[in-house]
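Participant: In UniProt numbering, the protein residues as written are 1 to 156. Heads up, the beta-carbon is just placed ideally off N, CA and C, and yes, glycines get one too. Quick one: this structure, given as C-alpha cells, is what I'll be asking you about.
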DNA sequence: GCCAACGTTGGC
DNA sequence: GCCAACGTTGGC
C-alpha cells in the first residue's frame, strides 16, 4: 500500500466531479510526463491512497481522498487525433502513455496549499519542493496520516 | 499576465 | 552527448 498525490485542474476534473461520476470513478488520462507516468506504471497498485489536489486555480490545495481503482492501461486519448492529448508517436502496439482509474472516497474539508506550507510534518513533501511540478508524486505514510487528519478536522 | 523552474526537442 | 531554444507548469 502506497500513497500518492495527483493534481487535477478543477476546471477540467474537480474532486466533486469524481464524486458525482458513476461508481465515483474516472479514468485518469492526459499524463504526458515520463516521471509521472512511471509512477503510475511501476508504483501504483489497486487500493493505494490518493490525495486529490486542485492546481492552476484560485485556491490550490488538497480537495479530497481517493484510491487507485484499476491496474494501469493505455491512455485512450493518445490515439485520438481530435484530442488535445493526442500523441502521433504512440501506436496501439506501442502505447506511450497510460491511465489508471481513480475512485473518490471522502471529501473532508479543503486543505489549501498555503496552509500545507506551514506544517512542519509536510516540509519534505515532493509537492512542496521548490520548482516541483510533477502531476503525480509519492507521499509518505507520515505525510498521508498528517493530511488525512487535517482533512477530517472539518467536514464539508 | 508574469515569471521561475523544469522537461523536451533537435541541430550539431 | 551537448546544449540552446522552446514549450509547459503552476503559484502568485
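Just list the beta strand (DSSP E) runs in the stretch 10-34, keeping only unbroken ones of 3 residues or longer that don't cross its boundaries, in chain order.
Facilitator: With a minimum length of 3 residues, the continuous beta strand (DSSP E) runs that stay inside the stretch 10-34 are 25-28.
Participant: With DSSP as the reference, label residue 93 as helix, strand or coil.
Facilitator: Looking at residue 93 - three-state DSSP - the assignment turns out to be coil, as it is neither helix nor strand.
Participant: Along the beta strand (DSSP E) that carries residue 106, what are the first and last residues, could you check?
Facilitator: Element bounds for residue 106: 98-106.
Participant: Measuring only the C-alpha atoms, how far is residue 18 from residue 70?
Facilitator: Approximately 15 Å between the Cα atoms of the pair.
Participant: Between the Cα of residue 149 and the Cα atoms of 131, 133, 107, which residue gives the shortest distance?
Facilitator: Closest by alpha carbon: 107.
Participant: Would you mind reading off the limits of the alpha helix (DSSP H) that contains residue 59?
Facilitator: That residue, residue 59, is in no alpha helix (DSSP H); it is neither H nor E in DSSP.
Participant: In this structure, does DSSP put residue 134 in helix, strand or coil?
Facilitator: Three-state DSSP puts residue 134 in coil, outside helix and strand.
Participant: Give every residue of the same chain whose Cβ lies closer than 7 Å to the Cβ of residue 79, excluding the five residues on either side of it in the sequence, and list them in chain order.
Facilitator: Within the same chain, residue 79 has close Cβ partners 90, 92.
Participant: Would you call residue 12 buried or exposed, if buried means 16 or more other Cβ atoms sit within 10 Å of its Cβ?
Facilitator: Exposed is the call here.
Participant: What is the C-beta distance between residue 105 and residue 116, in whole angstroms, given that I count them as a contact (C-beta under 8 Å)?
Facilitator: About 20 Å; that fails the 8 Å criterion.
Participant: Rounded to a whole number of angstroms, what is the C-alpha to C-alpha distance between residue 35 and residue 41?
Facilitator: Going from the Cα of residue 35 to the Cα of residue 41 covers about 10 Å.
Participant: Could you name the residues of the same chain whose beta carbon sits closer than 8 Å to that of residue 124, not counting the 5 residues immediately before and after it, in chain order?
Facilitator: So the list reads 140, 143, once near-sequence residues are dropped.
Participant: Where residue 25 and residue 66 are concerned, what is the direct C-alpha to C-alpha distance, given to the nearest angstrom?
Facilitator: Between residue 25 and residue 66, the C-alpha separation is close to 9 Å.
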